[in-house]
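Undergrad: With our numbering applied, the sequence shown corresponds to residues 1 to 398, in that order.
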Amino acid sequence: MTRSTTEEEPNADESGGYTVTPYAVDGEIDYGELVERFGADQLADDQIERLPDHPSLRRRTFYAGRDVDRYLAAAEAGDAHAIVTGVGPSGPLHLGHVLPLYLAKRFQDATGATVFLPFSDDEKFLAKDQSFAEIGAHARDNLRDVLAVDFDPDRTRIVIDTADADVVYPIAVRLAKHLTPATVDAVYGQQDTVGLQFYPAVQATHLLLPQLVDGRRPTLVPIAVDQDPHVRVCRDVAAKEALPVEKPGALLGRFLPSLAGPGKMSASDAAPSIDLEDEREAVATKIREHAYTGGRATVAEHREQGGDPSVDVPFQYLRFGFESDDDELERIAAAYRSGELLSGELKELAIDRIADFLAAHRRRRAALGDLEDELEPYRLTEAERRRALESAGVPRVP
1 MTRSTTEEEP NADESGGYTV TPYAVDGEID YGELVERFGA DQLADDQIER
51 LPDHPSLRRR TFYAGRDVDR YLAAAEAGDA HAIVTGVGPS GPLHLGHVLP
101 LYLAKRFQDA TGATVFLPFS DDEKFLAKDQ SFAEIGAHAR DNLRDVLAVD
151 FDPDRTRIVI DTADADVVYP IAVRLAKHLT PATVDAVYGQ QDTVGLQFYP
201 AVQATHLLLP QLVDGRRPTL VPIAVDQDPH VRVCRDVAAK EALPVEKPGA
251 LLGRFLPSLA GPGKMSASDA APSIDLEDER EAVATKIREH AYTGGRATVA
301 EHREQGGDPS VDVPFQYLRF GFESDDDELE RIAAAYRSGE LLSGELKELA
351 IDRIADFLAA HRRRRAALGD LEDELEPYRL TEAERRRALE SAGVPRVP
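1. Report the CB separation of residue 249 from residue 209 in whole angstroms; it is logged as a contact under 8 Å.
2. Which same chain residues, not among the five before or five after residue 70, have their C-beta less than 7 Å away from its C-beta?
3. Would residue 171 and residue 126 be called neighbours here (beta carbons separated by less than 8 Å)?
4. Whole-angstrom Cβ separation of residue 252 and residue 62, contact assumed at under 8 Å?
5. Apart from the five residues on each side of it in sequence, which residues of its chain come closer than 6 Å, Cβ to Cβ, to residue 230?
6. Are the stretch 325–340 and the stretch 359–373 touching by the rule of at least three beta carbon pairs closer than 8 Å?
7. What does a CB cutoff of less than 7 Å around residue 365 pick up in its chain, not counting 5 residues either side in sequence?
8. Residue 167 and residue 389 - do their beta-carbons sit closer together than 8 Å?
9. What is the rounded straight-line gap between the Cα of residue 247 and the Cα of residue 239?
10. By Cβ distance below 8 Å, which residues in the same chain neighbour residue 272 in space, the five residues on each side in sequence not counted?
11. According to the neighbour-count rule (16 or more other Cβ atoms, all chains shown, within 10 Å of its Cβ), is residue 79 buried or exposed?
12. Between the Cα of residue 195 and those of 163, 120, 157, spot the shortest distance and give me the residue it belongs to.
13. Does the stretch 344–362 come close enough to the stretch 310–325 that 3 or more CB-CB pairs lie under 8 Å?
14. Which residues bound the alpha helix (DSSP H) around residue 96?
15. Looking only at C-alpha atoms, which of 48, 18, 378 sits nearest to residue 421?
16. Any idea if residue 299 is buried or exposed, counting beta-carbon neighbours within 10 angstroms, 16 or more meaning buried?
17. Label residue 293 either buried or exposed according to how many other C-beta atoms from any shown protein chain fall within 10 Å of its C-beta, with 16 as the threshold for buried.
18. Leaving out five residues on either side along the sequence, give the residues of the same chain with a beta carbon under 6 Å from the beta carbon of residue 118.
19. Suppose you measure from the CA of residue 56 to the CA of residue 193; what does that come to, to the nearest Å?
20. What residues in its chain sit with their C-beta under 6 Å from that of residue 191, if we drop five residues either side in the sequence?
21. Have a look at residue 312 and residue 343 and give me their C-alpha separation to the nearest angstrom.
22. Between residue 83 and the rest of its own chain, which residues show a CB-CB distance below 6 Å, the 5 nearest in sequence each way excluded?
23. Taking a contact to mean a Cβ-Cβ separation below 8 Å, would you say residue 123 touches residue 178 in this structure?
24. Just tell me which of 386, 109, 228 has its CA closest to the CA of residue 188.
25. Could you give the uninterrupted runs of the beta strand (DSSP E) lying entirely in the stretch 247–305, keeping only those of 3 residues or more?
26. Let me know the secondary structure DSSP gives residue 118 once reduced to three states.
27. So, are the CB atoms of residue 254 and residue 31 less than 8 Å apart?
28. Comparing C-alpha positions only, which one of 200, 60, 397, 27 sits nearest to residue 42?
29. Where does the unbroken alpha helix (DSSP H) through residue 205 begin, and where does it stop?
30. Quick check on the burial criterion: 16 or more other C-beta atoms within 10 angstroms. Buried or exposed for residue 180?
31. Among 152, 163, 110, which residue has its Cα nearest to the Cα of residue 135?
32. Hey, would you say residue 256 sits closer than 8 Å to residue 95, going by beta carbons?
33. May I have the straight-line CA-CA distance separating residue 308 from residue 58, to the nearest angstrom?
34. Run through the stretch 321–365 for me and flag every whole alpha helix (DSSP H) of 4 or more residues, listed as ranges in chain order.
35. Where residue 362 and residue 310 are concerned, what is the direct C-alpha to C-alpha distance, given to the nearest angstrom?
36. Within the same chain, show all residues whose beta-carbon is closer than 6 Å to that of residue 199, passing over the 5 residues directly before and after it, in chain order.
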């Protein structure tokens with residue numbers, strides 16, 4: 001394979017028997033081949049050691065990136081730096097959605113990073129068969145879950161595309177001058193509407209907003225690997241535009257598997273997803289009835305031959321972070337491989353850890369007051385809106 005010399009050219013479509021784009025993920029993914037195709041770099045041991053201590057980093061769930069060293073240098077020097085990750089409000093949030101949010105919270109707590117959280121409600125209207133009213137209801141529900149993560153409002157900004165269109169749209173229009181239909185088709189595949197063809201300019205705006213609001217700084221975007229095309233396009237646009245920004249970097253993560261087995265957890269899967277609103281009984285039912293295991297057909301065979309934690313979904317959920325202690329995780333894996341720990345017992349361990357996590361999340365969510373009041377400290381101020389537009393060279397019309 002010949003690597004492209006420009007960041008927007010590598011195609012994120014079907015290759016190697018799988019598909020990975022922001023709008024479609026299918027097949028058994030070769031993560032090493034994928035990151036090479038996308039032109040990113042796998043994280044080195046020394047980078048893992050310098051990043052905040054977190055299970056998804058230690059265990060290389062987030063396994064690749066772009067310009068990570070530049071971000072680390074700023075964080076270690078106490079210089080300004082930012083994190084961007086967001087939400088596409090098309091339904092209830094599930095475990096796969098919330099893990100990058102909690103990772104962003106960990107960065108904020110450990111290094112003082114400013115966190116920007118864009119809500120792409122306009123994209124979901126364009127990409128999903130849902131009305132604006134339905135998307136809006138999902139956005140309000142998702143906002144409460146994001147607020148329950150408990151970000152620092154002084155260092156966090158939540159941007160909603162339709163509500164903050166006075167800032168997002170003019171900047172996106174400026175960036176769109178550097179995007180051709182051929183570029184969008186090469187990176188995303190052919191889009192069904194001109195709205196989706198334009199949308200990469202909006203995503204680029206999301207990723208540059210921390211710098212347009214607060215000044216030039218290294219920015220890291222922790223996302224699932226299917227969202228990397230947005231970063232690639234933004235980096236290319238940033239290189240072409242005379243804006244006071246650096247190219248955003250990225251941390252690219254593996255997919256939390258569906259309960260049905262390898263792949264990306266999705267609300268549209270035949271197997272149910274574990275939603276943030278699920279109580280213990282719902283979590284238990286979903287895992288007991290639907291979780292793919294690496295166990296044997298009978299207890300006797302399992303005791304004799306042991307199970308395979310590498311394909312066992314309950315174990316993979318523990319590995320993604322629901323068991324935070326590395327030594328305990330290895331003890332569980334060894335017991336499973338030896339046959340000492342049965343698949344049903346491993347499921348119960350995962351149920352307990354996940355249900356405890358969700359219970360704590362729901363308690364914080366339940367403690368929130370009126371959404372508008374809770375959200376206000378996280379919104380862009382009038383001065384920040386003005387700075388963003390002026391930095392982008394598009395002053396607000398009176």
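The beta-carbon is built from N, C-alpha and C at its ideal position, and this holds for glycine as well.
TA: The structure says:
1. Between residue 209 and residue 249 the Cβ distance is about 15 Å, and since that is not below 8 Å, they are no contact.
2. 218, 249
3. no
4. 7 Å
5. 203
6. no
7. 144, 145, 148
8. yes
9. 7 Å
10. 259, 286, 290
11. exposed
12. 120
13. yes
14. 95–111
15. Here the chain has residues from 1 to 398 only, and residue 421 is not among them.
16. exposed
17. buried
18. 86, 159, 206
19. 36 Å
20. 197
21. 9 Å
22. 104, 107, 113, 115, 220
23. no
24. 228
25. 249–253
26. strand
27. yes
28. 60
29. 194–214
30. exposed
31. 163
32. yes
33. 21 Å
34. 326–338
35. 30 Å
36. 123
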